[in-house]
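Going by our numbering, the letters in the sequence shown line up with residues 7 to 722, in that order. Note that the Cβ used here is the ideal one computed from N, Cα and C, for glycine as well. Given the structure is predicted, the values throughout are model-derived calculations rather than measurements. Report on one structure; see the data block that follows.
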Amino acid sequence: MFTAAAESFLRQAREIQEEELRRFASRVAALLQAPNPGPEAVDCLQRLHLTIAATKYPRKLDGKFVELLKTMLCSSKSPEQIQVLCAAILREMSPCNDLTLSCDEIQDTKLLSLVSSILLAQGNKADVSAVGQHVVRVLERKLPEGQNARSLLPVLSNVISVLPESFTEGDRSGLEKPGMAMVSTAAPSGHLLPPKEHLQEKAFEYCQRLIEQSSRRPLKKDDGDLQKACLIEAVKIMDIICKQNSSYVSRAVSFLKILHGRICGDATYARVLLPIAQFFLNHSKMAAVDCSGIYKHLFSDIPAQLFHNPSLAFEFLQFCKDNSQLFTEASSIFRQSFPNLFKFLAWNSPPLISEFVDLLPFLLDAGTAVEIFHLLLDLPCLTAALDIQLRSSALPTSEKSSCNPAMKPATCLEAFHHPLYKNPFEYLLRTKSAPEDAPERLIPLRQLLGSLASSPRVVQCAETVPVLLELFFRVVVEFADKGLINQLVVLLLQRSDQLYEIPAFKDDVYRVLSSQLVVLCKLHPALIVELSSEILEFSGTVSNIQDKEAIFIHLVWAIGEFLSVSCDKRCTGEQITRFFETLEVVLFEITQLRPVASTPHYPPCAITALMVTLAKLAARSQDLIPRVSIFLSKMKTFVQNPAVTSVYCKEDLEEILTRATELMNLLKMPSLAHFVFTPPVGVASTGFQREVTDTLPSALGIVTRLLQPAPGFVPG
């Protein structure tokens, strides 16, 4: 309804004819000339502004009326609202030949801002230059009580955008031109400066005064917040000035070092430390000063103490993103402090997930990948530990020291000060990288912190981990060598048993790890042979089928796909037999029928994955074919047993039986089976072979139809 009303007003404004507009302007003039123009005058001015602004072509108003608008604008007796509306109407009419306006005599900053906006809209270069010069002169003087220079800064910005040359002087004779008079500054040389350099000097001095005054104790909290905001802006402006004119760097460096020393011990000034650090990052090389203490304090102390401050967390990560090259250089301070950055994410996710997604690739390299892998998996645990740390800091000293080392702590809060958990807490809450330390020390701590697993903050943090894990692997595979890939696969299998006890979190992590396991195996197929002990241990553990289904199935697939002499010349018949026997035992274990009250239910896809991998291994070591064929032939008995049919659905049992029959038929032709399961080098890249590999069920179905047995044939 509001949109329809607005459209109606606009349509009416566009349809007003010149004669009607002239009569309406006369009415407005009468209202403005009244002793005290009131709400009706304001309303009419608003309607007039809408009428003039609603059309693309310029509206014409009587010269006397334009002069009246100028008079009302410049009159100190006019209400501010009427001044603003008069200025808006004159801007809409610009460029206007009937308008003569100057800002030279105006000292009031608000009026100067309004008049300047009209002169800029007029577009006359001389007027624009005059506006810039006059604004500079006003800014360099002390303003009367109650006036604010803030409204003039946009004007100055617009002048620089429209006519940048108005603040530069190309020869010396230009200094004597009318309207271009120079004024002296506090420069020790006593020379006169052009307007741009003069503005830099005055702005720098003003920032210095602001910073000096910030040491005064504020009378109320709001004053303190304003004081810190002014400090931040003053430091940023100093940084800008030094970028424009390097002669200010030495003055600023000594000044800001003193400021840093004054505020670094006060956590309430933490946000000011960011622009200070940015300044030194930009200029410390030119100034030849050592700023390592400033960076170390920022990256070591601030995240550890103020991770719970959401605005600081956002600004800190933005600072890291803006200076991301620091994490790819050899600067030890930045590279060693990345565990601290994860505290911001652990406490403030998901709001900071976007920033961390941008930052994580810069933190990753061959030296940090393993430690960051552990950090990501332990992120919800870190959230819980930070919660305990925050609550502990609020306890009185007497309660912190009342811990009895001889007794096991009853709560997480007690454990935080207990010698038994001191090292695990310190490791999880570390401020610097510790790649040599063993993360196994966190196992008891994960169990202890299980009571916080349902905390909303912990749950929210856990939900961000899969996203970051996927990003982690996408980045790592770009630079990982064979050694790092092997290391990550081993850790992937180990850490699947060492996750924080949040069921949904574990399922999501298993899903990501299983898919990335396939990626790593494709990158380095020889890892199946090189890590045979670790892979056999994991794939030979029956409990992993149900506890870590996705990882188990993908690992079994990788064994069948890559345990081949075509992938690694070191692959021997003995190794194939060793893997075969391990998986054979597992398949027997989950399909044998026991005289027990209930039959355990294992994922049907795990059964079919085991059957296919056993068939692949048998095709490569053909003396194993009779063993797997006998096993496959017994699957009909398995799927028809009443105890099995009571726990598996019909469709799953049919899929198991169909796959067993297809594999058994294929193995009757060993050469064809070997070609389908293990193509020769060179053939694997052909379109036909890719199609066979990608659509193995279809290939098995074709072979089955070729070997279609006579009616009534029953395997086994």
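Distance between residue j and residue i (C-alpha atoms, nearest Å)
| i | j | result |
| --- | --- | --- |
| Phe313 | Ser399 | 13 angstroms |
| Ile339 | Arg480 | 26 angstroms |
| Lys349 | Leu382 | 11 angstroms |
| Lys640 | Leu672 | 16 angstroms |
| Phe511 | Ala468 | 6 angstroms |
| Asp700 | His560 | Any reading at Asp700 needs caution, since the residue's pLDDT is 48, under 50, leaving its predicted position unreliable; the model's value is listed next. Cα to Cα, the separation comes out at about 15 angstroms. |
| Leu332 | Leu366 | 13 angstroms |
| Val682 | Ile534 | 20 angstroms |
| Leu659 | Thr578 | 35 angstroms |
| Trp353 | Gln214 | 36 angstroms |
| Val34 | Arg53 | 10 angstroms |
| Ile613 | Leu593 | 7 angstroms |
| Lys226 | Asp307 | 27 angstroms |
| Ala486 | Asp443 | 21 angstroms |
| Thr437 | Ala375 | 17 angstroms |
| Thr57 | Ile22 | 8 angstroms |
Nearest candidate by alpha-carbon position, reference residue i, set the options
| i | options | result |
| --- | --- | --- |
| Leu526 | Ala273, Ile541, Lys488 and Leu358 | Lys488 |
| Lys242 | Pro200, Pro281, Phe322 and Ala209 | Pro281 |
| Leu159 | Gln128, Thr583 and Leu120 | Leu120 |
| His530 | Asn550, Phe568 and Phe333 | Phe568 |
| Leu318 | Arg222, Ala649, Ile238 and Leu125 | Ile238 |
| Glu590 | Leu107, Glu24, Ser572 and Val548 | Val548 |
| Leu455 | Thr470, Glu543 and Pro415 | Pro415 |
| Glu4 | Phe30, Thr437, Ala59 and Ala60 | Examination of residue 4 is not possible in this model, given that the chain is present from 7 through 722 alone. |
| Glu25 | Leu56, Arg65, Asn42 and Ala59 | Arg65 |
| Val518 | Val464, Val483, Val473 and Glu484 | Val473 |
| Ser32 | Asp371, Gly69, Phe368 and Ser460 | Gly69 |
| Ser123 | Gln139, Lys148, Leu96 and Phe544 | Leu96 |
Simplified DSSP state of residue i, which is helix, strand or coil
| i | result |
| --- | --- |
| Cys102 | coil |
| Asp508 | First, the residue type needs correcting, since residue 508 is Ile and not Asp in the sequence shown. In this structure, Ile508 counts as coil in the three-state DSSP scheme. |
| Cys297 | coil |
| Pro356 | coil |
| Glu26 | helix |
| Pro200 | coil |
| Phe305 | helix |
| Cys577 | coil |
| Cys727 | The first residue shown for the chain is 7 and the last is 722, placing residue 727 beyond what the model contains. |
| Ala459 | coil |
| Lys428 | helix |
| Pro445 | helix |
| Pro43 | coil |
| Asp513 | helix |
Residues near residue i in its chain [Cβ-Cβ closer than 7 angstroms; skip 5 each side]
| i | result |
| --- | --- |
| Lys234 | Tyr275, Arg277 and Val278 |
| Lys131 | Leu169 |
| Ala666 | Met617, Leu638 and Met641 |
| Pro224 | Gly230 and Gln233 |
Residue i CB to nearest heavy atom of the ligand GDP below 6 angstroms
| i | result |
| --- | --- |
| His560 | Looking at this structure, you won't find the ligand GDP or any other ligand, since it has none at all. |
Close Cβ partners of residue i (< 8 angstroms) along its chain, the five nearest in sequence each way excluded
| i | result |
| --- | --- |
| Leu434 | Asp384, Cys387, Leu388, Ala391, Leu448 and Leu451 |
| Ala193 | Because the pLDDT of Ala193 is 46, which lies under 50, any placement of that residue in the model is unreliable, and the question is left without a value. |
| Met292 | Ser252 and Val255 |
| Val720 | Its pLDDT being 37, under 50, Val720 is placed unreliably in this model, and the coordinates cannot settle the point. |
| Val524 | His560, Trp563 and Ala564 |
| Pro676 | Ala625, Gln628 and Ile631 |
Beta-carbon proximity check, residue i vs residue j, cutoff 7 angstroms
| i | j | result |
| --- | --- | --- |
| Phe285 | Asp245 | yes |
| Gln87 | Val48 | yes |
| Ser157 | Thr115 | yes |
| Leu678 | Met617 | no |
| Leu287 | Ile217 | no |
| Ala93 | Leu79 | yes |
| Ile582 | Ser627 | yes |
| Ala556 | Ser520 | yes |
| Asn550 | Leu599 | no |
| Leu169 | Val134 | yes |
| Asn492 | Glu446 | no |
| Val137 | Val165 | yes |
| Ala283 | Ile300 | yes |
| Ile269 | Phe210 | no |
| Leu542 | Phe586 | no |
| Gln466 | Ser355 | yes |
Within-7 angstroms CB hit, residue i to chain C
| i | result |
| --- | --- |
| Asn164 | The structure shown contains no chain C; it is built from a single protein chain. |
6 angstroms Cβ shell around residue i - same chain, five flanking residues per side excluded
| i | result |
| --- | --- |
| Ser220 | Gln233 and Leu237 |
| Phe362 | Leu351 |
| Val571 | Cys577 |
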